[in-house]
Amino acid sequence: MTVLSELSLYNQAIILFASLVLFTSFIMLAQARMVPMIFAFAWQGMLLAVVTALVAYVSGHHHLYISVALTLALKVFLIPWLLYRLAVRLNIHLEAEALKHPSLLLLGGAGLVIFSYYVALPIVHLSGLATRNTIAVSIAVVLIGMLLMIARKKAVAQVVGFMSIENGLFFSAVVSTYGMPLIVELGVAFDVLVAAILFGVFFFHMRESFDTLDVDRLNRLSEVHESLLTDDSGSPPEGH
Amino acid sequence: MPLLEITLLLPLGGSVLLAFVGHRPAGGWINVGIGALTFVTSLAMALNVFANGPQLTSGKLFYIDAFNVYLVALTAWVGLTTAIFSRSYMRHEVERGRLTDRRMRLYHAMYQGFLFAMLLALSTNNLGVLWVAMEAATLTTVLLVSLYRTPESIEAAWKYFILCGVGIAQALFGTVLLYFAAEHKLGAGRDDTLLWTVLHDAAGSLDPTVLSLAFVFLLVGYGTKVGLVPLHAWLPDAHSEGPTPMSAVLSGLLLNVALYALVRVKMLVDASLQTHLAGYLMMGFGLVSFMVAGLFLHRQHDIKRMFSYSSIEHMGLMTYAFGLGGPLATFGALLHMTVHSLTKSAIFVTVGHAAQLAGTQRIDRIRGLIRTQPAIGWGLLLGTVAIAGFPPFGVFTSEFLLLTATMKSWPWLAVPLLVGFGVAFAGLFRHLQPMVFGEPPPGQSAVRANMLPVMLHLLLVLWLGLSIPGFLARWFAQATVLISGASPL
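Residue numbers (numbering that gives the first Met the number 0), protein chains in the order written: chain R, 0 to 239; chain V, 0 to 488.
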């Protein structure tokens, strides 16, 4: 790796924005309140769109502009707006989640970043692209998204984690191969959109059945508890 | 090749049509009709491929060879028979007040949507589209798992959604890595670098380090969908809480499709690495799943949950067999995929009827099936006998082949394999015996049951056990040559 000042302005900009993307991942990881978390997610999408547009402009891969438009539409506006609306309608937008060990969580995130640099070594070694230095960042965004989903107990937070994993994957495709083929990009975007809508449907179902959006309460089905269950709540009622 | 397009468009169009038809009684019949048409076209396509060899569509978007064409036919067949079962079963569920009309509309539309996603995953030539279709298969079924809207089913669907979503995200990263390796080798700017045919031709020269990294991600990703231990947590929940026709197609088909994706990428990785790394990984994961799921069979209290653990066990065995490689094991694994699909979907159909009969899915309350309704009792007994690997049935043949292949190349692995068979057998039969032969509770009466799909499936499995018909054997042999590079016959 070369010294930062030796890199071209373009490369420096890519690295700057990539680090900001990673920064938003950390914000989401430790943000206990729902609405700022959703905003952080929207900002991450925005930064991704900026990086992608930059790559598209400099590398001349014009099909990436379509990805930029998709990212802007889906991950900056539609999905955050959807999540925000749901949070308001379900009256959880003022709730804060009691994080048990926020500093430990952030340290874990930092560990994942280091691990990502280790995993990315063979890829970076092989790549000739100008964006290769940020491949590790994209892996880190994926892994921090997973950590977020493991650590957080609110359904909304888990959805944000899920979507930020998607962000990381998209980012990795942009910086390692200048984006996937268009048909795949479109398919993935469609899947993400449907997933976002389904998550919304689920929030209502969960609220109806459990009266809460804490996934901790989803504990009826496990090998340990099942033998204790004696009622038939999960199985069909007696015949008609 | 218009046959393929028709096979894909039928369920897609059917899904839209059924969304309009809604809950009307015709919905069930239309579902069956589309299933039948899909099966006929897929069979015609299969015969065509069998006669003329692998085919690539003009846009290179679809590729059909011996390996996926038989899975397409199998998927269409099980989709059809399950649709036949689901017509009367789901009507009964509506009559019992477990479902509303609106949800029947959702159910029918999503049933065909799910079949479309699986057929697309099987027939596409683009590994990215394969991923998209796998994710779409999750998305179409997630609302079906929670169709009954009980707290348990919503929990199961949420787990299914989150675990499969995150799991399969790893597979997308693996796909990106594959694409990266291919672009590095073949040059950027081409739009066909993610096509399986292109990758397969160039596999020998792809960078081995990146490909092994990609395989680890793909194994975790698609392995989650296959239900490999320790990534299996979603599977028993999703299979036991959803409506029974869903359990039948999830167990019988979706797991196969995920394993298919895994075997496809293994073929690439093997050619690049020139080592057995991918095989060893699959053998390890497969064998652990096989053993652990066999043990879990013993402590189940829900009949559908028990049979979903049996699915994990069999998927583990197939993963192990594909990992073992070699013509004999591959042939056995392909056969096992077929007979497991047929048997397991037959069992779930029977279990659905048994649960309606007893009014519960709890094993300790299902009693005396054979005395109340012999058809269901015998169906469950024979189905379980078949899945446990008893001789006249096809599962025995494939398991015997796998055991022989193991003895040949890894003799000491035959010990855990045999122990696993025994443990699983005991686990199934300790629960089965009282359910089938026990004393029926007072007042238990027969229900309207359609045992035609069960009989058809079990007869097919029996036929495959007694003698594999020549054309099917040659078909499997062609697929085996594709996967392992050598002929078993």
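For every residue, glycine included, the Cβ atom is placed at its ideal position computed from N, Cα and C.
Assignment of residue 123 of chain V by DSSP, reduced to helix, strand and coil, places it in the strand class. Listed along chain R, the residues sitting closer than 8 Å to residue 171 of chain V by beta-carbon distance are 168, 187. Assignment of residue 69 of chain V by DSSP, reduced to helix, strand and coil, places it in the helix class. Buried is the label assigned to residue 346 of chain V, since at least 16 other Cβ atoms lie within 10 Å of its Cβ. Taking each of V:52, V:469, V:12, V:57 in turn and checking the Cα distance to residue 68 of chain V, the smallest one comes out for V:52. Boundaries of the alpha helix (DSSP H) around residue 463 of chain V: 451 to 465. Taking C-beta separations shorter than 6 Å and ignoring five residues to either side along the sequence, the partners of residue 198 of chain V in its chain run 181, 267, following chain order.
Between residue 156 of chain R and residue 147 of chain R the beta-carbon gap is near 7 Å, inside 8 Å, which marks them as a contact.
Among the residues facing chain V, residue 122 of chain R is included, as its CB has a counterpart in that chain under 8 Å away. A direct Cα-Cα distance of roughly 24 Å separates residue 73 of chain R from residue 14 of chain R. One thing to note: residue 10 of chain R has its Cβ no nearer than 8 Å to the Cβ of residue 139 of chain R. If you check the CB distance, residue 201 of chain V and residue 185 of chain V come in under 8 Å. With its beta carbon at least 8 Å from every one in chain R, residue 312 of chain V lies outside the interface. The stretch 106 to 119 of chain V and the stretch 6 to 14 of chain V touch, with three or more beta-carbon pairs separated by less than 8 Å. Scanning its chain for C-beta atoms nearer than 7 Å, with the 5 sequence neighbours on each side dropped, one finds around residue 416 of chain V the residues 402, 405, in chain order.
For residue 129 of chain V, same chain residues with a beta-carbon under 7 Å away, outside a window of 5 residues either side, are 120, 123, 260 in chain order. Taking residue 143 of chain V as the centre and dropping the five residues before and after it, the same chain places the C-beta of 105, 106, 109, 110, 113, 241, 242, 245 closer than 8 Å to its C-beta, in chain order.
For residue 363 of chain V, there is no enclosing alpha helix (DSSP H), as DSSP marks it with neither H nor E. Excluding residues up to 5 positions away in sequence, 64, 65, 66 lie with their Cβ nearer than 7 Å to the Cβ of residue 481 of chain V in the same chain. The secondary-structure analysis by DSSP pairs residue 54 of chain V across a beta bridge with V:63. Secondary structure at residue 227 of chain V: coil, using DSSP grouped into helix, strand and coil. Within the stretch 93 to 110 of chain R, no residue places its CB atom closer than 8 Å to a CB of chain V. In this model, residue 372 of chain V and residue 445 of chain V are separated by some 6 Å (Cα to Cα). When rounded, the separation of the alpha-carbon atoms in residue 61 of chain V and residue 70 of chain V is 15 Å. Chain-ordered, the chain V residues with CB closer than 9 Å to the CB of residue 125 of chain R read 179, 180, 183, 206, 208, 209. For residue 346 of chain V, no Cβ of chain R is located within less than 8 Å of the residue's own Cβ.
For the C-beta of residue 61 of chain R, not a single chain V residue is nearer than 9 Å; the gap to the nearest is close to 12 Å.
Taking a cut-off of 8 Å for Cβ pairs, the stretch 278 to 286 of chain V and the stretch 327 to 345 of chain V do not touch, as fewer than three such pairs fall below it.
In this structure, DSSP gives residue 95 of chain R an extended state, which the three-state scheme calls strand. Less than 8 Å divides the Cβ of residue 183 of chain R from the Cβ of residue 131 of chain V. DSSP, read as helix, strand or coil, puts residue 32 of chain R in strand.
In summary, the residues of the stretch 142 to 171 of chain V whose CB is separated from some CB of chain R by less than 9 Å are 142, 145, 147, 148, 149, 150, 151, 152, 153, 154, 155, 156, 157, 158, 160, 161, 164, 165, 168, 169, 171, in the order they occur in the chain. Excluding five sequence positions before and after residue 412 of chain V, the CB atoms of its chain that fall closer than 6 Å to its own CB belong to 405, given in chain order. At a Cβ-Cβ threshold of 8 Å, residue 316 of chain V and residue 289 of chain V count as neighbours.
Within the model, the alpha-carbon separation for residue 300 of chain V versus residue 427 of chain V is close to 12 Å. By the CB criterion at 8 Å, residue 89 of chain R and residue 141 of chain V fall outside the cutoff.
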